[in-house]
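Structure record follows, encoded as structure tokens.
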Amino acid sequence: MSEQFQRPWETQMPATRRRKSLRPRNVIAAILATALAAAAVTLIPDADAATSSFQRGPNPSAASIRAADGPFAITRTNVSRGAANGFGGGDIFAPNDTSQGTFGAVAIAPGFTASRSSMAWLAPRIASQGFVVFNIDTLSTSDQPASRGRQLLAALDFLTRTSSARAKIDPNRMAVIGHSMGGGGSLEAAQDRPELQAAIPLTPWNLSKNFGDLQTPTLIIGAQRDNIAPVRTHSERFAASLPNGVSSGYLELAGASHFAPNVPNATISSMSVAWLKRFVDDDTRFEQFICPGPNSGVSQYEVSCPLI
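One rule links them: number in my numbering = place in the sequence shown (from 1) + 115.
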């Protein structure tokens, strides 16, 4: 690879880490982490036996986290624009069964010119895995990333303070997801509210490239053939700017365009579920899907294993 085509974060890594392979940065650590995760599944046969995490649902498998419907039946509740405060309304998807306790909550923001319908496939998939998910509209379809970040936080505040689902939510376990400018907004939200437990920007776009103060575990999902937010100038630069000492990852969808997150994609949904379970629920059963990560449909995958 000639120097002019090196990716921004590759120039900061030793030669042994410059790669497009599917292996994580530390292969040996990843193998050990996977073995430990498998051992954890053996040692914790029942979610109720765990005392140091918020396990919800049965033991996972590669097939279960890729499924369109998870183990929880869910109900959708619409929030009108007039009832919302600081964002444009949306749809709340919440599990019906609360016998295992409260759930973490996730707010999802669409991209430039788009409405919540563009992310309508993802919200119920995540909710059915054991989360309360708010798929929102923004105040304007032209809102910039910083505004979308504030709206994501306003939506989380609405969930925990006002919504009909608030009794189902643990207000200390919050996360954000966004597409395009909404993905840039999810980075803004995580930087503005460091107590968030997870952020997942999807083919994110933002004029600001430095998120060195961000303290939230962040998984950035880019697209190899994105010509709107090219990975070299967006996703990879965002990932390279994230600080050491914070769990982070970068996944690049092979052959995918900027709009890959707008249609059902099992890699996006399964990795989102695994990341949210691991960091919002502290559920180490899902670490096996992050370390070493997916083995198909991905042109690049970088994650610091073992996870912090």
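Note that CB positions come from ideal geometry on N, CA and C, so glycine has one too.
From a predicted model like this one, the values you see are computed outputs, not experimental measurements.
* Asked: For D328, is the classification buried or exposed, using 16 other Cβ atoms within 10 angstroms of its Cβ as the cut-off for buried?
  -> exposed
* Where does R288 sit, in a helix, a strand or coil, going by DSSP? -> Of the three classes helix, strand and coil, the one that applies to R288 here is strand, per DSSP.
* Do A222 and F187 have their CB atoms nearer than 8 Å? -> no
* Asked: To which residues does DSSP link S363 through a beta bridge?
  -> For S363, which the question treats as bridged, DSSP gives the partners T333.
* For P225, is the classification buried or exposed, using 16 other Cβ atoms within 10 angstroms of its Cβ as the cut-off for buried? -> buried
* To do: Scan the stretch 187 to 253 and note each continuous beta strand (DSSP E) run of 3 residues or more that stays entirely inside, going in chain order.
  => Fully enclosed beta strand (DSSP E) runs of 3 or longer: 189 to 194, 205 to 210, 218 to 224 and 246 to 251.
* **Own chain partners of A235 with C-beta closer than 7 Å, once the 5 adjacent residues on each side are dropped** => N250
* To do: To the nearest angstrom, report how far apart G408 and D252 are at their CA atoms.
  => 31 Å
* Alpha carbon of G264 to alpha carbon of T333, nearest angstrom -> G264 and T333 have their alpha carbons spaced roughly 15 Å apart.
* Asked: Which value, in whole angstroms, describes the spacing of the CA atoms of I335 and S385?
  -> 14 Å
* To do: Would you kindly work out how many angstroms separate the C-alpha atoms of A305 and S214, rounded to a whole number?
  => C-alpha separation (whole angstroms): 30 Å.
* Please go through the same chain and pick out, in chain order, the residues whose beta-carbon is closer than 6 Å to the beta-carbon of A269, but skip the five residues on each side of it. => Cβ within range, chain order: G201 and F202.
* With C-beta atoms as the reference, is I405 less than 8 Å away from G364? -> Note that the C-beta distance between I405 and G364 is below 8 Å.
* To do: Please report how far the alpha carbon of A344 lies from the alpha carbon of D212, in whole angstroms.
  => 39 Å
* Which listed residue (S301, A242, G412 and D206) has its alpha carbon closest to that of A183 -> A242
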